[in-house]
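Below is one structure, written out as structure tokens; the observations come after it.
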Amino acid sequence: MEQLIQKVGSKLDGYPINVRETSSLKEIEDILHAVLFVPEIRIKSKVINELITYLGSKFIDPGYKIKVFVAYKNSEPSGFVISQIDPYYTSYSRKCGTFGWLHADDFQTCKMLIKKCERFTKKNGVRKLRGNINFPKNLGGIGIQFMGFEQEMLYGVAYNNPNSKTLEYLDLLGYKRESEYSCVRVEQKTWDKGKKIDEGIEFRYFTLKELKTMVLEIGNLAKNSFYEILPDASGKNRIFEFFDAFSQVPNSFKKLPDRFDPKSYSDIPQFVEALETCDLEKIEICAPMAFDKQTGELVGALLGLHDIFQAWKGVPITRVNVDTAMVKKGYYGKGIFSALNNLGQLTARIFGIDYFEGTAIWSNNSRAIDTIFPHCKPVRKHYIFQKRVK
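Residue numbers (the numbering used here): 37 to 426.
This is the structure in structure tokens:
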């Protein structure tokens, strides 16, 4: 181990490294332009602007625990990290500190940045530290990528330089590759289990305004949907991030084909009804919902994200990040999840979406893997690192 540390740090001889906290948005912006890797150079400035806006909103909140640490080697930018204790983020249902947006030119810089994060976390009474958790999640995603670098950037999915040695640096610093996540390209338009739907289930779409009145319903569904205790849970504020993403979809995207007839797109009565009972040019197509007909209770939902990165590039949106799937306990085996997938794909394709990627699928979530993987192909993988701070 000592030889490995000496090897990765050997190039630093003679070059002083300065790591410090900063709350200067101008300094942060400058260093991000110098060190942040964004695969699509056309949107790098937009990504940085969004991150600066996010940080500014947190800095003015006196109760929010966040620190930005920057590194300079021989007076040149060499590293960056954000550490925070988000009140809604939990790991295995427990409060947890995070680091994110980590960049380090070398091992010693990485070590010094991470030590700053550890001290900050410990000072606030939290002993577990995980990363990368790149808040806001829609902009930066979670995890450090180790497979699928040839894939196009996708809104809500983490990305990093394929030549980065961050994985090795964190290994050397005693961090454990605690959680592995996969992203999968959906290969099949329709899933067989979603063709035979329980007659007691109906499907609906809603406008963004209507969805905002359903926050409690959606939150209750989330609480009653997951059997596993999740290693990385965003908490109740996550739904508002979806709403923000929905609001960024250009109005030009929501235009139906001429003489649109739902019956020409599906012969499944529940799907036709879902399309006929809403104004498709006003609803959020990435949020199909399932209800119990008898009780009217929300029992399933699929929440996706349009690839806003495409909009930032000035090209039509043709890709969707299928981010979150929820089915209430007691309603498994009724084909709800597969039906939501089938309906969601059908509706999105009407508007020109032709690529669907299921993201952040935890390797220990056997139910999700058994349901999703037979219809999909893995295209990216990420690790979340964790350490107990002493």
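Ideal Cβ placement from N, Cα and C applies to all residues, glycine included.
Bridge partners of residue i, per DSSP?
| i | result |
| --- | --- |
| Val104 | Ile118 |
| Ile53 | Lys109 |
| Thr126 | Lys131, Ala269 |
| Ser218 | Ile397, Lys417 |
| Gln346 | DSSP lists no partner for Gln346. |
| Ile319 | Thr243 |
| Arg424 | Lys164 |
| Gly136 | Ile118 |
| Phe392 | Val356 |
| Arg213 | Phe421 |
Using a 10 Å radius around the Cβ and a threshold of 16 neighbouring Cβ atoms, would you call residue i buried or exposed?
| i | result |
| --- | --- |
| Tyr191 | buried |
| Ile304 | buried |
| Arg424 | exposed |
| Ser119 | buried |
| Gln144 | buried |
| Arg295 | exposed |
| Gln330 | exposed |
| Lys147 | buried |
| Gly366 | exposed |
| Leu40 | Confidence in Leu40 is poor, its pLDDT being 46 and thus under 50, which makes the residue's placement too unreliable to answer from. |
| Thr313 | exposed |
| Lys259 | exposed |
| Gln224 | exposed |
| Leu292 | exposed |
| Lys47 | Note that Lys47 scores a pLDDT of 46, beneath 50, so its modelled location is shaky and nothing firm can be said. |
| Tyr195 | buried |
| Pro267 | buried |
| Gln211 | Going by the sequence as given, residue 211 is Tyr instead of Gln. The residue in question, Tyr211, is buried, as its Cβ has 16 or more Cβ neighbours within 10 Å. |
| Glu57 | exposed |
| Asp122 | buried |
| Val71 | buried |
| Thr89 | exposed |
| Leu257 | buried |
| Phe278 | buried |
| Pro198 | exposed |
| Asp359 | buried |
| Gly99 | exposed |
| Asp315 | exposed |
| Ile408 | buried |
| Val351 | exposed |
Taking the alpha helix (DSSP H) that residue i falls in, what are its first and last residues?
| i | result |
| --- | --- |
| Met325 | No alpha helix (DSSP H) contains Met325, which is instead part of the beta strand (DSSP E) from 325-328. |
| Glu312 | 305-312 |
| Gly92 | 80-95 |
| Met250 | No alpha helix (DSSP H) contains Met250, which DSSP labels as neither H nor E. |
| Lys158 | 143-159 |
| Ile427 | The requested residue 427 does not occur in the structure, where the chain is confined to residues 37 to 426. |
| Tyr367 | Unbroken run through Tyr367: none, as it is neither H nor E. |
| Arg274 | 274-283 |
| Leu208 | 202-208 |
| Val71 | 61-71 |
| Leu175 | 173-176 |
| Ile77 | Where Ile77 is concerned, there is no enclosing alpha helix (DSSP H), given that its DSSP letter is neither H nor E. |
| Thr407 | 402-408 |
Please indicate yes or no: does the CB of residue i lie closer than 7 Å to some heavy atom of the ligand HEM?
| i | result |
| --- | --- |
| Ala361 | This structure lacks the ligand HEM, and indeed carries no ligand of any kind. |
Short check: CB of residue i to CB of residue j, under 8 Å?
| i | j | result |
| --- | --- | --- |
| Val162 | Cys132 | yes |
| His418 | Tyr217 | yes |
| Asn378 | Val193 | no |
| Ile344 | Ser215 | no |
| Val104 | Leu91 | yes |
| Asn270 | Tyr128 | Note that residue 270 corresponds to Ser in the displayed sequence, not to Asn. No, Cβ-Cβ distance for Ser270 and Tyr128 is not below 8 Å. |
| Gln306 | Ile233 | yes |
| Ala281 | Leu341 | yes |
| Arg166 | Lys413 | no |
| Asn110 | Tyr51 | yes |
| Pro286 | Ala337 | no |
| Met325 | Ser261 | no |
| Val430 | Ile386 | The shown model of the chain, from 37 to 426, leaves out residue 430, and the question about it has no answer. |
| Gly136 | Ile96 | no |
| Cys31 | Arg355 | The structure shown does not extend to residue 31, since the chain is modelled only from 37 to 426, so the question has no answer here. |
| Gly230 | Ala375 | yes |
| Cys322 | Leu311 | no |
Go to residue i, then tell me how far its beta strand (DSSP E) extends in each direction, as first and last residue.
| i | result |
| --- | --- |
| Ala337 | 334-342 |
| Asn357 | 355-363 |
| Arg166 | 164-167 |
| Ile180 | 180-183 |
Validate contact between the stretch 64-76 and the stretch 108-128 using beta carbons, cut 8 Å, 3 pairs: Here the stretch 64-76 makes contact with the stretch 108-128; the two share three or more CB pairs at distances below 8 Å.
Does the stretch 175-193 come close enough to the stretch 144-158 that 3 or more CB-CB pairs lie under 8 Å? With the cut-off at 8 Å, the stretch 144-158 and the stretch 175-193 do not touch.
Just checking, does the stretch 237-257 make contact with the stretch 397-411 on the three C-beta pairs under 8 Å criterion? In this structure the stretch 237-257 does not lie against the stretch 397-411, because fewer than three pairs of beta carbons, one per stretch, are closer than 8 Å.
Tell me whether the stretch 236-245 and the stretch 165-183 touch, counting them as touching only if at least three CB pairs, one residue from each stretch, are closer than 8 Å. No: fewer than three Cβ pairs fall under 8 Å.
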